[in-house]
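Below you'll find the structure, written out as structure tokens, and then a few comments.
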Amino acid sequence: MRKMLLLLAALLAATPALAISRYNSQTISCDRARAAIHNEGAVILRYPSKRVRGMTLFDRYVRNSRLCDANQYAEWTTIPTKDNPKCRVLNCQNIDNLDGMIFIPDNSL
Numbered sequence: 000m001r002k003m004l005l006l007l008a009a010l011l012a013a014t015p016a017l018a019i020s021r022y023n024s025q026t027i028s029c030d031r032a033r034a035a036i037h038n039e040g041a042v043i044l045r046y047p048s049k050r051v052r053g054m055t056l057f058d059r060y061v062r063n064s065r066l067c068d069a070n071q072y073a074e075w076t077t078i079p080t081k082d083n084p085k086c087r088v089l090n091c092q093n094i095d096n097l098d099g100m101i102f103i104p105d106n107s108l
């Protein structure tokens, strides 16, 4: 049993960590933000709040709905970037937000 636990610990230590890249959207262009999302599948983008001084907002932005949880879909939203205050990207939203729509949107970046 002890050997099995040591083997399991060694295997877990040897596997690469599933990390998600983080970017400050105000320091990159809209095209760069969209390219990062497209190439990596999902990234975390952070930016300053417009309403609360000193507060940083962040969220996970995705290439398409297949990168969302089973009860979510990818919906268009905007983020501020260095060159575009309304850069269009996708983030995951709950299916409950669809307000009775029959089909789930299949948006893709």
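Letter by letter, the sequence shown follows residues 0 to 108 in numbering that gives the first Met the number 0. By construction, the Cβ of each residue, glycine as well, lies at the ideal position given by its N, Cα and C atoms. Fair warning: this is a prediction, and the values are worked out from it, not measured in the lab.
- Counted as a single uninterrupted DSSP element, the stretch harbouring Asp-95 is not any beta strand (DSSP E), since DSSP gives it neither H nor E.
- Glu-74 is bridged by DSSP to Asn-90.
- The residue among Ala-32, Leu-56, Tyr-22 with its C-alpha nearest the C-alpha of Leu-89 is Ala-32.
- In the assembly as shown, Val-51 is an exposed residue. Its beta-carbon has fewer than 16 other beta-carbons within 10 Å.
- In terms of Cβ geometry, Leu-44 and Tyr-22 form a close pair [threshold 7 Å].
- In this structure Cys-91 touches Arg-59 by the C-beta definition: roughly 7 Å separates them, less than 8 Å.
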